[in-house]
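In my numbering, the protein residues as written are 248 to 738.
Where a beta carbon is used, it is the ideal one built from N, C-alpha and C, also for glycine.
Have a look at the structure below before the remarks.
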């Protein structure tokens, strides 16, 4: 049965329009995969020398073990932002003589051969061969590696469970975020040493290999938790989603999982790719990735917090600010036609939001090297990322209802003030000053770390309740749609 399901999944992927994309795109993607793979392999081979120089009083294996707990916490957060849920079009199988438990097992097991689960081997295997095997022998080294692999799978299934709970019970997911954030904050405040805990735990595994049974039991537990949840929701009334409208024009298969909202996103991406002004806005956002170098290279700014928060908000949210400030004016040339289509305003607003989120996450990942300037910069940028997703994306959509000036997409962005009005400058005030206002009370109390946590917590609340907020933004845009249409008709 599993072979049949794998065959069907392969045929679906093979016949997808995305499989026939440009050869140039495949070559570029392959280059980046090889490039990052070589970086991780090199890191694995030489990390024992680096650790020996940085921590001369400890063995490289002990130093490496001390950072593993941090790795798995960061891995869990990264998965939540980047990893997709394993899905299967189950409805066509429900009327067939196929056991439902096999469908559930297939969905869960299909998530194991994921890049998030296998990427770690590029670092852990070389390090094991260079550092662990010479000291502890091949047998214990393999047990150590197997334990890390089991913990990676545990993260995988924890992510799957809590991400599915985000839809039905968002409070549970918020609790997980608070636990992870709280542990990292306690370590930063030196209340709890995660490095010491990690060193002891993984060091004990090297001394007593039988302890591998603990991550094995944990893996079985989280797997059964996911299995039970999916079995409880594997019914047609749970799967069926009412279609409010029909949108045409998408040939990007990976967006089909989002339904009509995905098709709107596909149309938006085509608009960016085919017109000069939105394309130039994307290029400007790419250059703004280096904006942080102006401040991070100056020790005066690194000693404070306020300016770093401003930089973090601006750098991680640059694509959203640049592109979002002209929503929905990007569609000004065909806005009247858009109003005639059976598309709900909520779908339109949600499509914009789902474009903002990946852009913020991508920029945040690309700016991770700024962590070389200090842990403070990393924490602020991560908190700014969460705040931009949960709060500033909603602020952008709120001010979108004021953008009633028509845009000519054939002109570039340089020295082009078309569509730039007072509302754009007013919009920037809450987006930049809001985070600073949240942080200031904690700064006055001389607990700036808690101010950063409050910033991330505010953003997390926005993420949890984003559906309610998007509905309010959709209502606001719906009330002004005729005013916008009248403004766009004026050349």
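Within 8 angstroms, strictly: CB atoms of residue i and residue j
| i | j | result |
| --- | --- | --- |
| residue 686 | residue 702 | yes |
| residue 694 | residue 634 | no |
| residue 463 | residue 397 | yes |
| residue 363 | residue 326 | yes |
| residue 557 | residue 679 | yes |
| residue 764 | residue 639 | The question about residue 764 has no answer, for the chain in this structure spans 248 to 738. |
| residue 718 | residue 538 | no |
| residue 347 | residue 465 | no |
| residue 188 | residue 618 | Past the boundaries of the shown model lies residue 188; the chain is included only from 248 to 738, so the question cannot be answered. |
| residue 562 | residue 540 | no |
Exposure label - residue i; buried when at least 16 CB within 10 Å
| i | result |
| --- | --- |
| residue 547 | exposed |
| residue 493 | Here residue 493 scores only 42 on pLDDT, less than 50, and its place in the model should not be relied on; the value that follows carries that caveat. Counting Cβ neighbours within 10 Å, residue 493 comes out exposed, since fewer than 16 surround it. |
| residue 278 | exposed |
| residue 360 | exposed |
| residue 515 | buried |
| residue 473 | buried |
| residue 297 | exposed |
| residue 722 | exposed |
| residue 709 | buried |
| residue 622 | exposed |
| residue 545 | exposed |
| residue 483 | Summary for residue 483: the model assigns pLDDT 49, below 50, so the residue's position carries little reliability; its value from the coordinates is reported in the next sentence. Residue 483 is exposed by the Cβ-count criterion. |
Cutoff 7 angstroms; reference residue i; Cβ partners in own chain excluding five residues on either side
| i | result |
| --- | --- |
| residue 309 | 446 and 450 |
| residue 689 | 695, 697, 698 and 701 |
| residue 454 | none |
| residue 751 | With the chain running from 248 to 738 in the structure shown, residue 751 is simply not present. |
| residue 428 | 700 and 703 |
| residue 369 | 284, 287, 288 and 291 |
| residue 402 | 319, 322, 323 and 326 |
| residue 434 | 440 and 441 |
Close-in-space but distant-in-sequence residues of the same chain around residue i (CB under 6 angstroms, 5 per side omitted)
| i | result |
| --- | --- |
| residue 390 | 456 and 459 |
| residue 599 | 574 |
| residue 293 | none |
| residue 471 | none |
| residue 432 | 700 |
Alpha carbon of residue i to alpha carbon of residue j, nearest angstrom
| i | j | result |
| --- | --- | --- |
| residue 394 | residue 554 | 42 angstroms |
| residue 307 | residue 615 | 24 angstroms |
| residue 730 | residue 595 | 17 angstroms |
| residue 283 | residue 366 | 10 angstroms |
| residue 422 | residue 734 | 45 angstroms |
| residue 373 | residue 315 | 15 angstroms |
| residue 649 | residue 580 | 17 angstroms |
| residue 626 | residue 589 | 43 angstroms |
| residue 392 | residue 381 | 14 angstroms |
| residue 630 | residue 605 | 16 angstroms |
| residue 383 | residue 533 | 46 angstroms |
| residue 352 | residue 412 | 18 angstroms |
| residue 727 | residue 677 | 22 angstroms |
| residue 354 | residue 407 | 11 angstroms |
| residue 448 | residue 311 | 12 angstroms |
| residue 714 | residue 436 | 34 angstroms |
| residue 268 | residue 712 | With a pLDDT of 46 at residue 268, under the threshold of 50, the predicted position of this residue should be treated as unreliable, and no value is reported. |
| residue 549 | residue 684 | 19 angstroms |
| residue 426 | residue 301 | 30 angstroms |
| residue 475 | residue 305 | 44 angstroms |
| residue 317 | residue 653 | 49 angstroms |
| residue 376 | residue 385 | 8 angstroms |
| residue 280 | residue 399 | 20 angstroms |
| residue 628 | residue 299 | 29 angstroms |
| residue 461 | residue 467 | 10 angstroms |
| residue 303 | residue 705 | 41 angstroms |
Presumed contact (8 angstroms Cβ cut-off) between residue i and residue j, rounded CB distance
| i | j | result |
| --- | --- | --- |
| residue 543 | residue 620 | 4 angstroms |
| residue 570 | residue 528 | 6 angstroms |
| residue 682 | residue 610 | In fact, because the Cβ distance is near 16 angstroms, the residues do not count as touching under 8 angstroms. |
| residue 295 | residue 378 | 4 angstroms |
Residues near residue i by beta carbon distance below 8 angstroms, same chain, minus five either side
| i | result |
| --- | --- |
| residue 644 | 571, 574, 596, 599, 600, 717, 720 and 724 |
| residue 213 | Any property of residue 213 remains undetermined from this structure, which presents the chain solely from 248 to 738. |
| residue 675 | 568 |
| residue 443 | 313 |
| residue 452 | 390, 391, 394, 458 and 459 |
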